[in-house]
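Below you'll find the structure, written out as structure tokens, and then a few comments.
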Amino acid sequence: MCNIGDIIVIDQYKHNGQVLDKHSFVVLDNSNGKIRGCDYNLLCNVMSSFKSEKHKKSKMSYAGNFPVVFDDVDVNGNQDSGYIKADQLYYFDSKKINYIVIGNLKIEIFNLLIEFIQELEINIEEITDNL
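So this is what it looks like as structure tokens:
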């Protein structure tokens, strides 16, 4: 099982009916819950890396994206900076996905992420395709 603040890579997941391969997520919660009548035990945000300065400028223009640099995470060999889509909450049933833990957000950065999410003044999308 993974812990709050862990960075995981999920082999396959769904978003808006599409099946997507291997992507990184940060775990926000790992307790049991229900949403729209479905059980879940993982709540995550998707993470992505910047591919260029132009890409970074574009992605950081969105109010829901939270920036991270390689010093914000404990992942062996990671030198990438990127962002967390804080305005997208992915609900998972961990028994229905394959994932590995590759590291974690440093606690102070995780706490800043939670504050950022709580203070967002835009709609937060709840993605339940994976339940």
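Its first residue numbered -18, the sequence shown is counted upward by one per residue in my numbering. C-beta: ideal position from N, C-alpha, C; glycine also. None of the values given here were measured: they were computed from a predicted structure.
Checklist line | Residue range of the alpha helix (DSSP H) that includes S12 | finding: Here the question's residue 12 lines up with position 31 in the sequence shown. Run containing S12: none; DSSP gives neither H nor E here.
Next item on the list: Indicate the three-state DSSP secondary structure (helix, strand or coil) for F91 in the structure shown.
Entry: Residue numbering aside, residue 91 sits at position 110 when the sequence shown is read from its first letter. For F91, the three-state secondary structure derived from DSSP is helix.
Item checked: Through-space distance from D52 to V114, alpha-carbon basis -> Nothing can be reported for residue 114, as the shown portion of the chain is limited to -18 through 112.
Check: Is it right to say N104 is buried, meaning 16 or more other beta carbons lie within 10 angstroms of its own, or is it exposed?
Finding: On the sequence shown, residue 104 is found 123 positions in, with the first residue counted as 1. It is exposed - the Cβ of N104 has fewer than 16 other Cβ atoms within 10 Å.
Notebook entry, point to check: E106 lies in the beta strand (DSSP E); which residues open and close that run?
Noted result: As a position in the sequence shown, residue 106 is number 125, starting the count at 1. Its beta strand (DSSP E) spans residues E106 to N111.
Notebook entry, point to check: In whole angstroms, what is the alpha-carbon distance linking L112 and G(-2)?
Noted result: Residue mapping note: residue 112 aligns to position 131 of the sequence shown, counting from 1. Residue mapping note: residue -2 aligns to position 17 of the sequence shown, counting from 1. Separation of L112 and G(-2) (C-alpha to C-alpha, rounded to the nearest whole angstrom) is 12 angstroms.
Next item on the list: Tell me, please, whether the region 67 to 76 touches the region 90 to 109 by the rule of three or more beta-carbon pairs shorter than 8 angstroms.
Entry: Touching, per the Cβ criterion.
Checklist line | Contact between the region 72 to 80 and the region 19 to 37 (3+ Cβ pairs under 8 angstroms) | finding: Yes: the two stretches touch, three or more of their Cβ pairs being nearer than 8 angstroms.
Check: Considering only residues of the same chain and omitting the five flanking positions on each side of D2, which have a CB-CB separation below 8 angstroms?
Finding: Along the sequence shown, one-based indexing puts residue 2 at 21. The residues are D(-8) and Q(-7).
Check: In three-state terms, what does DSSP make of I98?
Finding: In the sequence shown, residue 98 corresponds to position 117, counting from 1. In the three-state reduction of the DSSP assignment, I98 falls in the helix class, which pools H, G and I.
Margin query: Does F31 come out as helix, strand or coil in the three-state DSSP assignment?
Written below: Walking along the sequence shown from the start, residue 31 turns up at place 50. Residue state, collapsed to three classes: coil.
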